[in-house]
Amino acid sequence: MNNRLKELRERHGWTQGGLADRLGVSRQTVNALETGRYDPSLPLAFRIAALFAQPIEAIFHPTEAPLDSSGLPGKPDLPL
Amino acid sequence: MDDQVMTSDLDRTSRSEGDRARARAYYWDFWPSMVAYGLTLTAVLIWGHLDGQSPSRYLWALVPVLPMLWTVRAVMRHLTRIDDYQRLLLLKGLAVGFAVAMIASITMGFLGIAGLRTPAAGWIIFGTGMLGWLIAGNRARTI
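Which chain is which? The protein sequence lines are A and B, in order. Okay, so the first sequence: first residue is 1 according to my numbering, each after it adds one. Okay, so the second sequence: first residue is 81 according to my numbering, each after it adds one.
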């Protein structure tokens, strides 16, 4: 999942540690979120959305393709 | 004030206040148990006579286990303090450590059946398990 967390954080002038304290998580977790290594739990995604006063879907964007006809994930979109 | 942070400072990777508070709490949970372990181990080595014949040596042998339970408590409390992502990393490391210890245990078991007797078998299993936890934990953090 892609997200705009870094962009939003920088727009507010916060460090990763500052954002971590506001969300009640570690700086390591903020870094993992920003670099796409970790997708947040639903409660954390809601906290992030509330903090930036934006809907979740305006911050997080799915990268996986929808399920195919057999119910399995389709091939991910490849960059052109 | 919070919103006035210098832009050039935004990518610094120093720990947050919450990180420091959690690390302090873990420190005060964990290190007293290590000190207690060191003290009980010293007492056992001086007065325990584990290689003697007295039945009390079995009780002495169990004394260092008590502070180890305290250490387990410290790790469990740490698990409840950290966030989901850190818990995932810690539990991944523990899972690998457990798997490595089980493999070491089976290996030592079969070697024992084949006739290889070593009084250090328990320590070898413990050591490999801890090493597995350490390596897997560090690897998970850096990926």
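Heads up, the beta-carbon is just placed ideally off N, CA and C, and yes, glycines get one too.
Contact list for residue i against chain B, beta-carbon separation under 8 Å
i, result
"A:A53", "Simply none; closest approach about 14 Å."
"A:A20", "S96, G98 and D99"
Chain-ordered chain B contacts of residue i [CB-CB under 9 Å]
i, result
"A:G24", "G98 and D163"
Residue i: contacting residues in chain B (beta-carbon distance under 7 Å)
i, result
"A:T15", "V85, D89, L90 and R92"
"A:L42", "By Cβ distance, chain B contributes nothing, its closest Cβ being about 10 Å from A:L42, past 7 Å."
is_contact[residue i, chain A] using C-beta, thresh 8 Å
i, result
"B:D82", "Residue confidence is low: B:D82 scores 48 on pLDDT, short of 50, so the model does not pin down where it sits. Its coordinate-derived value is still stated next. Answer yes: the Cβ-Cβ gap between B:D82 and chain A drops below 8 Å somewhere."
"B:R219", "no"
"B:R157", "no"
Cβ of residue i within 8 Å of any chain B Cβ
i, result
"A:G36", "no"
"A:A32", "yes"
Under 9 Å from the C-beta of residue i: neighbouring residues of chain A
i, result
"B:Q166", "V25, S26, Q28 and T29"
Cβ separation of residue i and residue j, assumed to be a contact under 8 Å, to the nearest whole Å
i, j, result
"A:G40", "A:L33", "In the sequence as displayed, the identity of residue 40 of chain A is Pro instead of Gly. Yes, they are in contact, since the Cβ atoms of A:P40 and A:L33 sit about 6 Å apart, within 8 Å."
"B:R102", "B:R161", "5 Å"
"B:D89", "A:S26", "Going by Cβ atoms, the distance from B:D89 to A:S26 rounds to 19 Å, so no, they are not a contact pair."
"B:A141", "B:L130", "6 Å"
6 Å CB neighbourhood of residue i in its chain, flanking five on each side removed
i, result
"B:Y106", "H158"
"B:A116", "P147"
"B:V85", "With a pLDDT of only 48 at B:V85, under the threshold of 50, the placement of this residue in the model should not be trusted; the figure read from the coordinates follows. Cβ neighbours of B:V85 beyond the five flanking positions: none."
"A:H61", "N2"
"A:G17", "R27"
Same chain, Cβ closer than 7 Å to residue i, neighbours up to 5 away in sequence not counted
i, result
"B:T122", "none"
Element boundaries [alpha helix (DSSP H), containing residue i]
i, result
"A:N48", "Asn is not the amino acid found at residue 48 of chain A; the sequence shown has Ile there. First-last of the alpha helix (DSSP H) with A:I48: L42 to L51."
"B:V145", "V145 to R161"
"B:W140", "S136 to L142"
"B:I183", "D164 to I193"
Cutoff 8 Å; reference residue i; Cβ partners in own chain excluding five residues on either side
i, result
"B:I215", "V176"
"B:D83", "Note on B:D83: pLDDT 47, under 50, position unreliable in the model; no value is reported."
heavy atom of the ligand FAD below 7 Å from residue i C-beta
i, result
"A:Y38", "Of ligands this structure carries none, so the ligand FAD is not represented either."
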